[in-house]
Amino acid sequence: AVLITGCSTGIGRATAVRLAQAGHRVYASARHIDAIADLEGSGCHLVQLDVCDEDSIRAAVTHVSRAEGAVGVLVNNAGFAQLGPLEFLERRDLERQFDINVTGLMRVTRAFAAGMADRKQGRIINLSSIAGVFAFPLMGAYHASKFAVEALSDALRQELGPFGIDVAIVQPSFIASGFETVAKATLDSVD
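Residues 2 to 192 in the working numbering are what the sequence shown spells out, letter by letter.
What follows is the structure, encoded as structure tokens:
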């Protein structure tokens with residue numbers, strides 16, 4: 002079974018549909034289940050999962066474990082970009098950027114890696130970005146979060162490898178996904 006976070010739009014949604022059409026058992030997740038209700042028609046199983054909410058993550062693990070025993074593949078896709086000059090970002094905006102893109106990724110990884118380790122096999126795919134290998138102005142918070150995803154993934158690969166768990170990174174460039182709409186909205190919140 003494959004669990005994908007952040008399936009309400011973009012890469013997560015497209016990945017869920019593609020894998021379900023290829024015959025995989027896909028658990029598509031999002032903070033708001035109504036945002037992914039249509040994915041059921043594509044063959045996906047739906048799971049409410051907020052990467053910032055431990056109770057939500059535990060409930061998702063329980064739900065999937067009852068049906069599958071454990072997840073075989075975890076795709077950590079949930080994330081967003083906080084735009085704006087770093088010097089003007091509110092502390093809460095910077096913390097939210099890291100809570101979703103970095104700490105959220107680790108919360109979900111910890112929760113699902115245990116079942117993979119018990120089975121001595123699994124794969125974790127972390128969505129990073131080309132923004133995780135270079136930086137430019139007005140996206141410093143996002144770049145920093147994706148640099149962190151790169152480092153965490155490299156460490157996890159070494160730490161989880163002995164337990165039969167592979168860790169991979171995907172570094173997309175700019176794509177038409179709706180991501181930019183959300184990112185631009187964050188710019189409006191910067192004073």
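Ideal placement from N, C-alpha and C gives every residue a C-beta, glycine not left out.
In whole angstroms, what separates the C-alpha of residue i from that of residue j?
i      : j      : result
GLN172 : ILE34  : 27 Å
TYR143 : GLY42  : 33 Å
ALA132 : ALA82  : 10 Å
GLY105 : PHE89  : 24 Å
ALA2   : ALA79  : 18 Å
VAL62  : GLY13  : 18 Å
ASN102 : SER129 : 9 Å
ALA60  : ALA29  : 14 Å
ILE166 : ALA114 : 8 Å
ILE126 : ASP39  : 24 Å
SER9   : ALA15  : 10 Å
PRO86  : ALA152 : 24 Å
GLY11  : ILE176 : 9 Å
ALA136 : LEU95  : 16 Å
DSSP state of residue i, grouped into three classes?
i      : result
LEU90  : coil
GLY133 : helix
VAL72  : coil
ASP39  : helix
ARG124 : strand
VAL65  : helix
LEU84  : coil
ASP54  : coil
Specify, as a first and last residue, the run of the alpha helix (DSSP H) that residue i falls within.
i      : result
SER154 : 141-161
LEU106 : 105-120
ARG19  : 11-22
Where does the unbroken beta strand (DSSP E) through residue i begin, and where does it stop?
i     : result
LEU47 : 46-49
SER30 : 27-31
ALA79 : No beta strand (DSSP E) holds ALA79; DSSP gives it neither H nor E.
ILE5  : 3-5
For residue i, which residues of its own chain have a beta-carbon under 7 Å away from its beta-carbon, when the five flanking residues on both sides are left out?
i     : result
ARG93 : none
For residue i, which of the options has the nearest alpha-carbon?
i      : options                          : result
ARG124 : GLU55, HIS64, GLY73 and ARG59    : GLY73
VAL76  : GLU160, VAL52 and LEU87          : VAL52
VAL150 : ALA31, GLY162, LEU161 and ALA169 : ALA169
SER174 : ILE166, VAL134 and ARG120        : VAL134
LEU47  : HIS64, PHE137, ALA145 and SER154 : HIS64
ASP54  : PRO138, ASP39, LEU40 and ALA31   : ALA31
SER146 : ALA156, GLN98, LEU139 and GLN159 : GLN98
Which residues in the same chain as residue i place their Cβ atom closer than 6 Å to its Cβ, once the five residues preceding and following it in sequence are excluded?
i      : result
VAL27  : VAL3, ALA17, LEU20, ALA21 and CYS45
LEU157 : VAL168
Below 8 Å CB to CB, which residues in the same chain sit around residue i once its five sequence neighbours on both sides are set aside?
i      : result
ILE58  : LEU50, ASP51, VAL52, ARG108, VAL109 and ALA112
GLY116 : VAL62, SER66, GLY70, ALA71, VAL72 and GLY123
Against chain C, does residue i count as a neighbour if the rule is that its beta carbon must be under 8 Å from one of theirs?
i    : result
ILE5 : Although the question refers to chain C, the structure presented lacks it and comprises just one protein chain.
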